[in-house]
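Okay, so here's the structure we're looking at.
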Amino acid sequence: MSYEVRAVVAMKSGAPVEVQTIRVPDPGPGEVLVSVQACGVCHTDLHYREGAVNDEFPFLLGHEAAGTVDAVGEGVTDLAPGDYVVLAWRAPCGDCRSCRRGRPWYCFDSRNAAQPMTLLDGTPLSPALGIGAFAEKTLVAAGQAVKVDPAARPEAAGLIGCGVMAGYGAAVNTGGVSRGDTVAVIGCGGVGNAAIAGASLAGARRVIAVDIDDRKLDGATRFGATHTVNSRGTDPVEAVRELTDGFGVDIAIDAVGRPETFLQAFYMRDHAGTVVQVGVPDPQMKLELPLIDVFSRGGAVKSSWYGDCLPSRDFPVLIDQFLSGKLDLNGFVSETIALEQVEAAFTKMHRGEVLRSVVVLR
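Residue 1 is where the sequence shown starts when you use UniProt numbering, and the numbers rise one by one after that.
Pasting the structure below:
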């Protein structure tokens, strides 16, 4: 049996997305069928639409999603119909060299559904990040569906599936922010604000938000920023040093992903401090950095892939923090929209007018 559902599809590079009817199969071994209740509009979806990830069109977009399990395939024992889940684009295999070394957050063979979802003419769809959740139903590997507390509303809960987890994890998992640390975060979009929230919850003494937009800086204080720096007319490195007694921060997080912001993060940290890059750069970007500066400043330079998270461990924790009032997931939801409004949401996102537009399907 299969299901015909409405979904947002990118047919070719740079063209506006379309709402089409697609076919979703019943789950096979190790798969689950999920009714999507809400899905955030992420920059990664726009990258797919523009062909910046790969050229495997047509794409079924959407990946920051929450919903309920409709059916499970053979061999699935830890999920059942009716379970409330957040979808993850990392599902550790448990068998690769990284998983066997006890580092499943670096899994080299993350699982996705084996069966394709298709257009009505049978053309296979490439689901964004192995999920494809701008759809009334989607098919994923069982390990991608993480059970969480159903008290969390899906518009907010789904956002931990990508952007919030990436930023929060960049601070907590990759950066290792701990009590008393000083932290700077460059870029106050969804990922940057999640990094600010994570640093604040981890006990950072000072969290400095850096951006070129005063509106975004005002919003960053909602998530825990103690100080703000507008770098449009100010040298952010000098400003951050002034706010840290001339030393620089313990952890500097680049949530933008440009050479200039990476260099700012590199130089605004204290001696032997840590740089974390979580912003995704354009593949054509190059970085020039004196090697002697890398050597003489010590510390660590790290990239953070999905916040170095383990979804089965981290998603329920973030949901619990949300429900206890510690993590303001509602603050990331700028608007709720229908499937037909995804293309307009891309425009708003590109202009920096929203943290997240969220498609609601229930």
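Each residue gets a CB set at the ideal place from its N, CA and C atoms; glycine is no exception.
Computed from a predicted structure; not experimentally measured.
From Gly175, Arg179 and Thr21, residue whose alpha carbon lies closest to that of Ala195: Across the set Gly175, Arg179 and Thr21, the C-alpha of Gly175 shows the shortest separation from the C-alpha of Ala195.
Three or more C-beta pairs below 8 Å linking the stretch 146-166 and the stretch 73-90: Yes, the stretch 146-166 touches the stretch 73-90.
Spatially closest choice to Arg362 from Lys348, Val354, Ala338 and Arg351, by CA coordinates: It is Ala338 whose Cα lies nearest to the Cα of Arg362.
Roughly how many angstroms lie between the CA atoms of Glu260 and Glu288, to the nearest whole one? When rounded, the distance between both Cα atoms is 10 Å.
Measure the alpha-carbon distance for Trp305 versus Val278 and round it to whole angstroms. If you take the alpha carbons of Trp305 and Val278, they lie about 7 Å apart.
Helix, strand or coil for Lys302, going by three-state DSSP, please let me know. Note: Lys302 maps to strand in three-state DSSP.
Give me, in chain order, the residues of the same chain whose beta-carbon lies closer than 6 Å to that of Pro236; leave out the 5 immediate sequence neighbours on both sides. Excluding sequence neighbours, Pro236 sits near Val210, Val229 and Gln264.
Assess contact between the stretch 162-179 and the stretch 189-204, defined as three or more Cβ pairs (one per stretch) separated by less than 8 Å. Is contact present? By the C-beta criterion, the stretch 162-179 is judged to be in contact with the stretch 189-204, since at least 3 inter-stretch pairs fall below 8 Å.
Starting from the Cα of Asp95, find the closest Cα among Leu87, Phe108 and Val183 and give me that residue. Nearest to Asp95 by C-alpha distance, out of Leu87, Phe108 and Val183, is Phe108.
Ile160: buried (16+ other C-beta within 10 angstroms of its C-beta) or exposed? When all chains shown are included, Ile160 counts as buried.
Under the rule that 16 or more other beta-carbon atoms within 10 Å means buried, what is Met349, buried or exposed? Buried.
Using the DSSP secondary-structure output, state which residues sit across from Cys39 in a beta bridge. Per DSSP, Ala65 and Val359.
Along the chain, where does the alpha helix (DSSP H) containing Gln264 start, and where does it finish? Looking at the DSSP string, the run of the alpha helix (DSSP H) that includes Gln264 is Pro259 to Tyr267.
DSSP-derived helix/strand/coil call for Asn54: Asn54 falls in the coil class under three-state DSSP.
Take Glu74 as the anchor and find which of Phe134, Arg90, Arg111 and Asp26 has the nearest alpha-carbon. Of the residues Phe134, Arg90, Arg111 and Asp26, the one whose Cα lies closest to the Cα of Glu74 is Asp26.
Are the Cβ atoms of Thr182 and Thr138 separated by less than 7 Å? No, they are not a contact pair.
So what does Glu31 bridge to, in DSSP terms? DSSP lists Ala141 as the beta-bridge partner residues of Glu31.
Return the CA-CA distance between Gly180 and Arg206, expressed in angstroms with no decimal places. Their Cα atoms are separated by approximately 8 Å.
My parser needs the beta strand (DSSP E) runs of 3 or more residues fully inside the stretch 276-322; what are they? With a minimum length of 3 residues, the continuous beta strand (DSSP E) runs that stay inside the stretch 276-322 are 300-303.
In terms of alpha-carbon separation, which member of Gly203, Ala156, Leu217 and Leu119 lies closest to Val185? In terms of Cα proximity to Val185, the closest of Gly203, Ala156, Leu217 and Leu119 is Leu217.
Distance, Cα to Cα, Val32 vs Leu87? Their backbone Cα atoms lie some 11 Å apart in a straight line.
For Phe247, three-class secondary structure by DSSP: The three-state reading of DSSP puts Phe247 in coil, since its state is none of H, G, I, E or B.
In the DSSP assignment, what are the bridge partners of Asp211? According to DSSP, which records beta bridges pairwise, Asp211 is partnered with Asn230.
Give the straight-line distance between the Cα atoms of Glu238 and Leu323, rounded to the nearest whole angstrom. If you draw a straight line from the Cα of Glu238 to the Cα of Leu323, it comes to about 38 Å.
Buried versus exposed call for Gly130 [16 or more other C-beta atoms within 10 Å across all chains shown]: When all chains shown are included, Gly130 counts as buried.
Return yes when the Cβ of Glu340 is within less than 7 Å of the Cβ of Val19, no when it is not. Glu340 is positioned such that its CB atom lies closer than 7 Å to that of Val19.
Terminal residues of the continuous alpha helix (DSSP H) containing Ser178? Ser178 -> no alpha helix (DSSP H), and no H or E assigned at all.
Does any residue of chain B have a CB that is nearer than 7 Å to the CB of Leu119? Looking for chain B here will not work: only one protein chain is present.
Thr123, DSSP secondary structure in three states: It is coil, neither helix nor strand.
Between which residues of its own chain and Ala113 is the CB-CB distance below 7 Å, once the five residues before and five after are set aside? Correct list, in chain order: Glu31, Leu139, Val140 and Ala141.
As assigned by DSSP and simplified to three states, the class of Ser98: Helix at Ser98.
If you draw a straight line from the C-alpha of Val358 to the C-alpha of Ala66, how long is it? Approximately 11 Å between the Cα atoms of the pair.
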